[in-house]
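Sequence order for the protein chains is A and B. Counting from 1, position 118 in the first sequence corresponds to residue 130 in this note's numbering; the numbering is continuous, with no gaps. Counting from 1, position 225 in the second sequence corresponds to residue 1621 in this note's numbering; the numbering is continuous, with no gaps.
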Amino acid sequence: MSDIDRLFTQLRAENRKAFMPFITAGDPDLEFSASVIRELAARGCSMCEVGIPYSDPIADGPVIQASYTRALDKKIKLAQILEMLAGLKDVSMPRVTMVSYAIIYRHGLERYVAGTKAAGVAGAIVPDLLVEEADELAEICRREDFSLIQLVTPTTPRDRAVRIAESSTGFLYYVSVTGITGERTKLPPSLIENVGWLRQQTDLPICIGFGVSQPEHVKLLAPVCDGLIVGSAIVRRIAEAADRPRAAVLKEVGEYAANLLAALEARPD
Amino acid sequence: MLKPTENPTNCFLALFEVHMSTSPTKAGEASANVPDAAGRFGDFGGRYVPETLTRALDELTVEYEKAKHDPAFQAELDELLHNYVGRPSPLYHARRLSEECGGAQIWLKREDLNHTGAHKINNTLGQALLTLRMGKKRVIAETGAGQHGVATATACARFGLPCVVYMGSEDVRRQAPNVFSMKLLGAEVRPVESGSRTLRDAINEAMRDWMSSVEDTHYIIGSVVGPHPFPMIVRDFQSVIGRETREQSLERIGRLPDLVVACVGGGSNAAGMFYPFIEDREVELIGIEAGGRSSQPGDHASPLSFGEPGILHGSYSYVMQDEDGQTCDVHSISAGLDYPGVGPEHSYWKATGRVQYTNCRDDEAMKGFDALARCEGILPALESSHAISKAMELAAQRSKAEMVVVCLSGRGDKDANEIARLKVKASS
Ligand SMILES: Cc1ncc(COP(=O)(O)O)c(C=O)c1O
């Protein structure tokens, strides 16, 4: 059981849902990333997705792209990110990395998994690794008890979605929209039905991400899933840290997370 | 997510039956029977893209297989290549250039004489027909030198498809005449400001567009790069270059060439030229990458010469990456070669030793350009000038009885202003 399995076992026992913010490691710098992770944990977030900056992220919209570019402009390396994460071992909120396979491959599959695990990371989301290319990494993750979270999207045929659910560990990431990351005001009407269908095919926790940013989204989606992932809305707020007092930005990010968490907890059951 | 009835086919399983599988890459054993069902050329290729694109890629694979075996599709494409593009393109004996070099006979495969002035049209017409077959309503493309953008805009105008072309803003500057042509042809050109503002960033932006538009849009990729099945499809559509060259050589000199040379950006003109010769072991094949200013990182665009295998733009192939897996900035005088990656089949050919790869510096390419202009009255594209320059060097070392064919992938009108600018800069 990885930390993620334990998290969902506990949340389910309490009939609660997970709230998972995404941040870009090293934007605006690693020290601030560490503070944000602590703040999010203190606000009661369930898990944090830590984005490893990548030069060519094709699944990302302008907000996350720009955050990756800022981090890379500062020459932030994976080794430094892992050092920062290793300094957070007293934080019980699990962390997973969101990372391109280009980076994992370059570092070596074994080395990446062992290295991030040693830094207290519980799993990886690899948005450009399809289920048919994932065997080797999946095997290493299984051995290391490290979750390899796979993604299902609105364009995934249903038989394929089942296959992805069978090979995913930790949870299943349901991408809400056909598109790239970024805040959306409206989510596709078929979303609820699709996740509902998927719910019947697997016991794996299902979390919804891409586009989620408002309390209304949270209220709408919470009943059909096990958790929600919020990325660009958080990253956009953090981006403002560059020219404002950091304490104020930290508070704002924390309050934004708390606001969505409240919407999540308030759902009628 | 699709309901079972909307699922076009059980593509994934079907694919395994269609193709034969290949064994891992071994030296000296390049096969023409690649890629396998997973899109692997030996160890290279594959598909490293977000799940969102999988269904469209599967659909494209299936539709392409069908088209390949559909005589009506082939007939329509052949007719277009003949009457619209002007194929077959001539194989021209460059006698004065050969004399100048004092060695082997240099022949030019005149892709510069195609409609729109480069080899790119061979691929865009094929993919435009696939777009129509798949019932897609819109086309997107990336472009570096602008030749692929123009060729895509042309094919889209010919078939009445709306077309958006992504182009790095540095390339918009370097290749201004092509930007103007694309607009005249009715395409929308979207300058890309991210990263190095060149071909690589244009591909990123096109992929991002496709992530949102994939249900009704086809991405006409411009080279043998990207996720499976693109490297295979583009190679196949470009292979008309090598097939014609083979026939023309047999007809004109009664045998196959001794040496075939082509420039390698993403690698489509080279792949199209080389592929029909892969199993003719006596024909030597040489690919020329952009050597830029020097062999220092950042100064060139030669992943096969100086890079290592890694992942970029959906496939596993040689790439210029730093030790952290970040793609490096690269440099070439020519926008069409200014790319940190290369098509996976070239990596396979390198690994098997079937094709030799070397590179040509910016200044050498300029000399090749001048030589062809002065000796033969032909202005080559800066991309093709790399191949010309190296072919001249190689020809000089060989006997007069040998035949060297160079793929003259495009004409140089688009580069005239940039060359004038560089010459003024060099002389001041
Ligand atoms: C004339 C010409 N030759 C060569 C290239 C390089 O592309 P490839 O290596 O795919 O042939 C380009 C690309 O824009 C081009 O315009």
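Note that the Cβ used here is the ideal one computed from N, Cα and C, for glycine as well.
Answer with buried or exposed for residue i, where buried requires no fewer than 16 other C-beta atoms within 10 angstroms of its C-beta.
{"i": "Asn1600(B)", "result": "buried"}
{"i": "Asp15(A)", "result": "buried"}
{"i": "Ser1795(B)", "result": "exposed"}
{"i": "Lys1819(B)", "result": "exposed"}
{"i": "Asp1432(B)", "result": "buried"}
{"i": "Met1762(B)", "result": "buried"}
{"i": "His1465(B)", "result": "exposed"}
{"i": "Ala1537(B)", "result": "buried"}
{"i": "Asp1809(B)", "result": "exposed"}
{"i": "Ala1792(B)", "result": "exposed"}
{"i": "Pro1558(B)", "result": "exposed"}
{"i": "His1478(B)", "result": "exposed"}
{"i": "Leu1646(B)", "result": "exposed"}
{"i": "Glu1643(B)", "result": "exposed"}
{"i": "Ala1452(B)", "result": "buried"}
{"i": "Pro201(A)", "result": "exposed"}
{"i": "Ser1419(B)", "result": "In this prediction, Ser1419(B) has a pLDDT of 45, which is less than 50 and means its spatial position is unreliable; what the coordinates show is noted afterwards. Ser1419(B) is exposed by the Cβ-count criterion."}
{"i": "Leu42(A)", "result": "buried"}
{"i": "Leu262(A)", "result": "buried"}
{"i": "Leu1580(B)", "result": "exposed"}
{"i": "Glu1772(B)", "result": "buried"}
Residue i: beta carbon under 7 Å from a heavy atom of ligand 1?
{"i": "Ser1619(B)", "result": "yes"}
{"i": "His1709(B)", "result": "no"}
{"i": "Asn27(A)", "result": "no"}
{"i": "Gln1523(B)", "result": "no"}
{"i": "Lys1786(B)", "result": "no"}
{"i": "Pro1713(B)", "result": "The sequence given here has Ser at residue 1713(B), not Pro. Answer for Ser1713(B): no, Cβ out of range of ligand 1."}
{"i": "Cys1771(B)", "result": "no"}
{"i": "Ser1780(B)", "result": "yes"}
{"i": "Ser1698(B)", "result": "no"}
{"i": "Val1660(B)", "result": "yes"}
{"i": "His1614(B)", "result": "no"}
{"i": "Leu1733(B)", "result": "yes"}
{"i": "Gln226(A)", "result": "no"}
{"i": "Ser188(A)", "result": "no"}
{"i": "Asn1518(B)", "result": "no"}
{"i": "Ala1551(B)", "result": "no"}
{"i": "Gly1622(B)", "result": "no"}
{"i": "Gln1752(B)", "result": "no"}
{"i": "Asn271(A)", "result": "no"}
{"i": "Ala275(A)", "result": "no"}
Throw me the rounded Cβ distance for the residue i and residue j pair, which I believe falls under 8 Å.
{"i": "Ala25(A)", "j": "Cys219(A)", "result": "Contact flag wrong, Cβ pair sits at about 17 Å."}
{"i": "Ile132(A)", "j": "Ala83(A)", "result": "For clarity, residue 132(A) is Gly in the given sequence; the question names Ile instead. With a Cβ gap of about 20 Å, Gly132(A) and Ala83(A) do not count as contacting."}
{"i": "Leu90(A)", "j": "Ile64(A)", "result": "6 Å"}
{"i": "Gly1749(B)", "j": "Pro1699(B)", "result": "Contact flag wrong, Cβ pair sits at about 17 Å."}
{"i": "Thr5(A)", "j": "Phe222(A)", "result": "No statement about residue 5(A) is possible, as the shown extent of chain A runs from 13 to 281 and does not include it."}
{"i": "Gly1721(B)", "j": "His119(A)", "result": "7 Å"}
{"i": "Arg107(A)", "j": "Leu97(A)", "result": "6 Å"}
For residue i, list the residues DSSP reports as bridge partners.
{"i": "Gly239(A)", "result": "Ala30(A), Cys219(A)"}
{"i": "Glu1437(B)", "result": "In the sequence on display, residue 1437(B) carries Phe and not Glu. Phe1440(B), per the DSSP bridge assignment."}
{"i": "Ala1537(B)", "result": "Val1561(B)"}
{"i": "Ser159(A)", "result": "Gly135(A)"}
{"i": "Glu61(A)", "result": "Phe34(A), Val108(A)"}
{"i": "Val164(A)", "result": "Tyr186(A)"}
{"i": "Gln1752(B)", "result": "Ile1682(B)"}
{"i": "Glu1704(B)", "result": "Val1715(B)"}
{"i": "Gly1737(B)", "result": "Val1715(B)"}
{"i": "Ile1599(B)", "result": "DSSP lists no partner for Ile1599(B)."}
{"i": "Leu1804(B)", "result": "Arg1506(B)"}
{"i": "Thr1723(B)", "result": "Gln1717(B)"}
{"i": "His1614(B)", "result": "Val1535(B)"}
{"i": "His1489(B)", "result": "Trp1503(B)"}
Which residues in chain C have a C-beta closer than 9 Å to the C-beta of residue i? List them in chain order.
{"i": "Gln213(A)", "result": "In summary, chain C is missing from the structure at hand, where the protein chains are A and B."}
The segment 1431 to 1456 of chain B: positions lying closer than 9 Å to chain A by Cβ:
Residues passing the 9 Å Cβ filter: Ala1434, Gly1442, Arg1443, Tyr1444, Val1445, Pro1446, Glu1447, Thr1448, Leu1449, Thr1450, Arg1451, Ala1452, Asp1454.
Quick one: which residues of the segment 188 to 199 of chain A get their C-beta closer than 7 Å to a C-beta of chain B? List them in chain order.
Near chain B, meaning a CB-to-CB distance below 7 Å, the residues of the segment 188 to 199 of chain A are Thr190, Gly191, Ile192.
To be precise: take each residue of the segment 145 to 156 of chain A, compare its Cβ to all Cβ atoms of chain B, and keep it if any distance is under 8 Å. Which residues remain?
Hits within the stretch, in order: Glu145.
With 8 Å as the C-beta to C-beta threshold (strictly closer), list the residues of the segment 1590 to 1613 of chain B near chain A in chain order.
Answer set for the segment 1590 to 1613 of chain B: Ser1590, Gly1591, Arg1596, Asn1600, Met1603, Arg1604, Met1607, Ser1608, Val1610, Glu1611.
Could you please tell me which residues of the segment 1677 to 1709 of chain B, in chain order, have their CB closer than 8 Å to any CB of chain A?
Residues of the segment 1677 to 1709 of chain B that bring their beta carbon within less than 8 Å of a beta carbon in chain A comprise Gly1706, Ile1707, Leu1708, His1709, in sequence order.
Interface positions of the segment 1713 to 1736 of chain B facing chain A (Cβ-Cβ less than 8 Å), listed along the chain
So the close ones are Gln1717, Glu1719, Asp1720, Gly1721, Gln1722, Thr1723.
What are the residues in the segment 230 to 245 of chain A lying within 8 Å of chain B by C-beta distance?
Residues passing the 8 Å Cβ filter: none.
Which residues, in order along the segment 103 to 122 of chain A, keep a beta-carbon less than 8 Å from a beta-carbon of chain B?
The segment 103 to 122 of chain A vs chain B, Cβ under 8 Å: Ser112, Tyr113, Ala114, Ile115, Ile116, Tyr117, Arg118, His119.
Short of 7 Å Cβ to Cβ, which residues in the segment 37 to 53 of chain A face chain B?
Those would be none; no residue qualifies.
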